[in-house]
Every structure is written in C-alpha cells, then in structure tokens.
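Participant:
Numbering (the numbering used here), first residue to last: 28 to 251.
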C-alpha cells in the first residue's frame, strides 16, 4: 500500500522561468550600459551551461558555496565586468529565483496531505533544497526533500531510490515516484517502487499529463 508520494522537482512540481534572465540582464545593464542585452544574456546562459558538469560533484553546502564563488568569477569574465557585478547577480537572482510552481502543484500536494500521505522530493540538484521549496511556495507541504548531490548518487541510478526509501523508513513498494524523465521512472521501478511518468507537454499517451494523474492513480479526487 502506498504511503509516500516521492516527486521530482523540476518539470514535475515546478519549472524554470527563462524570463528571469532578462530581469537579471537589465540589472547588469543599469551599471554597464556599454554592454548589450544580448551579450549579457549570452554570457549568463553559457555560464550556466558550462557549470552543468560541475554541480553533480557537490556534496555539502560548503562545496556549493565554493561552486558559486567560481561561478561568479567565471561569469564576470564572460560578461567583461567587475567581480562585484557577478556577486550582485547571484545575490538578487539566486538559482531558485528562476523557479515557478505549476498551477496544480499546491492543490495536489494539499489533497495528498489531507489523505494522510507523506510527501517527499528527490531532485538531481544542489544541496540547498529548502530555498527552492520556499520559492515554489510548497515548503509546508513537503515532509522531506532529498538533493542527489547530498546523497552522493544521482538519478537514474537505482541506488539512489533504495537509499531514499531507507531514509524515509519505508519499503520501496510503499512509495509512488513521479518524474518527467522516463529513465528515472524506469530506475525507480527497478528499485521496487511504483512510478508514474509525467509528460506535461502531452506528447505521450502512456504518461500522465498533470499532477491530477497522481490523484487518479491513488483513487483520490479533488473533492476529497
């Protein structure tokens, strides 16, 4: 019997709002009008892409702080601005400032809580999970949140699901996992969990297309 619903975070409960890059670029341009918006946006997006191979190796908040220090140093070089400008970008636009919650997220989490389910998150992300929950407006609706970096193993490794089940104090078959990546869903099933693939773009008939599909799977309704 399912006792816990374990969610992925990005593209499942929330998404990254690319327009925030434009807000950050405007702040930079206020202090550096010699630059163009295109230059600044390109530098920011390229720096984030360049960091993609580094963040999975982080394990602690200290590691993360060192990561962001290097990130700012490299971003300043890419933009051709003083280091303090990059620090200001990070201060006013931390990565969780880009996160937005889907319309169905809060309602579905509330219904799950009202019906006695434990709610949790497993995300391939940096150690600092709590600010992201606050940004999504769901900090009071999630019982436990696990960052793969802190666990030392990432999805779609089967081991990460076994580790999270142990940390939750439950058997894998007591957990329903929801993710937007099919390889993660398949790995969760290999670990013994029930799992649902969510495809919010509504492209695949084998997937659920919003979080109400989770309620349907559990036999719950919005009125419960």
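All C-beta atoms in this analysis are idealised placements derived from N, C-alpha and C, irrespective of residue type, glycine included.
1. What did DSSP end up calling residue 126 once you bin it into helix, strand or coil?
2. Identify whether residue 243 lies in helix, strand or coil by the three-state DSSP scheme.
3. Straight-line CA distance for residue 99 to residue 141?
4. Please report the Cβ distance between residue 242 and residue 138, rounded to the nearest whole angstrom; I am assuming they are in contact, meaning their Cβ atoms lie under 8 Å.
5. Going by beta carbon distance, what residues of the same chain come within less than 7 Å of residue 87, once the five residues before and after it are set aside?
6. Mapping the DSSP letters down to three states, classify residue 212 as helix, strand or coil.
7. Mark residue 249 as exposed unless 16 or more other C-beta atoms lie within 10 angstroms of its C-beta, in which case mark it buried.
8. Helix, strand or coil for residue 185 per DSSP?
9. If you draw a straight line from the alpha carbon of residue 59 to that of residue 95, how long is it in whole angstroms?
10. Within a Cβ cutoff of 7 Å, which residues of the same chain sit near residue 126, ignoring the five residues on either side of it in sequence?
11. Quick one, which of 35, 28, 31, 93 has its alpha-carbon nearest residue 225's?
12. Among the candidates 247, 201, 84, whose CA atom is the shortest distance from the CA of residue 219?
13. Where does residue 104 land, buried or exposed, given buried means 16+ other C-beta within 10 angstroms?
14. For residue 74, count the other beta carbons within 10 Å of its own beta carbon; 16 or more makes it buried, fewer makes it exposed. Which is it?
15. Among 216, 70, 39, 207, whose alpha-carbon lies nearest the alpha-carbon of residue 129?
16. Extract the residue ranges of the beta strand (DSSP E) inside the stretch 124–176, only unbroken runs of 3 or more that lie entirely within it.
17. Rounded C-beta distance between residue 52 and residue 67? I'm assuming under 8 Å.
18. Got a sec, what are the start and stop residues for the alpha helix (DSSP H) residue 218 sits in?
19. Looking at the secondary structure, which residues open and close the alpha helix (DSSP H) in which residue 110 lies?
20. State the CB to CB distance for the pair residue 152 and residue 124, rounded to an integer number of angstroms; the pair is presumed to be in contact (CB under 8 Å).
21. What residue range is occupied by the uninterrupted alpha helix (DSSP H) comprising residue 203?
22. Could you tell me which residues DSSP puts in a beta bridge with residue 43?
Facilitator: Concretely, from the data shown:
1. strand
2. helix
3. 43 Å
4. 6 Å
5. 154
6. helix
7. exposed
8. helix
9. 22 Å
10. 41, 43, 159, 162, 163
11. 35
12. 201
13. exposed
14. buried
15. 39
16. 126–128, 145–150, 171–174
17. 4 Å
18. Note, residue 218: premise wrong, no alpha helix (DSSP H); not H, not E.
19. 110–119
20. In fact, because the Cβ distance is near 15 Å, the residues do not count as touching under 8 Å.
21. Here residue 203 belongs to no alpha helix (DSSP H); instead the beta strand (DSSP E) covers 202–206.
22. 126
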